[in-house]
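Written below as structure tokens is the structure these notes are about.
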Amino acid sequence: MTSWHRICTKDLNVLGSWVSPATICRSASTCLYRTRNKYPWLEMQTLYPFSEEGISRAVADAMAMKTVKSTIVPWPELAE
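All residue numbers for the sequence shown refer to the working numbering, where the first residue is 2 and numbers rise by one.
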């Protein structure tokens, strides 16, 4: 629970963000582009089908650090 009274009395600024601020997109894209020959970014992403089993595997693999990026896709043929 947030104590808004403490935030107000200390004159704090609160900044919200979902995952990361939009300003980071350009530098992240530049980094990916510059390192495209060094790291196989697409191969490091693991696709899972949008099913109970696929979601369970995606979460389990991510928690076990078996994948860099677990991506759940809506169509099974994309995960093949």
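Note that the Cβ used here is the ideal one computed from N, Cα and C, for glycine as well. Just so we're clear, the structure is a prediction, and the values are computed from it rather than from any experiment.
Distance from the CA atom of Y34 to the CA atom of S57, rounded to whole angstroms, is 32 Å.
Secondary structure of Y49 (DSSP, three-state): strand. By the neighbour-count criterion, in which a residue is buried when 16 or more other Cβ atoms sit within 10 angstroms of its Cβ, A65 is exposed. The region 20 to 32 makes no contact with the region 45 to 63, as fewer than three CB pairs between them are under 8 Å.
Across the structure, T36 and A29 are spaced so that their CA atoms are roughly 11 Å apart. In terms of CA proximity to S52, E78 leads the group E78, R7, D12 and C32.
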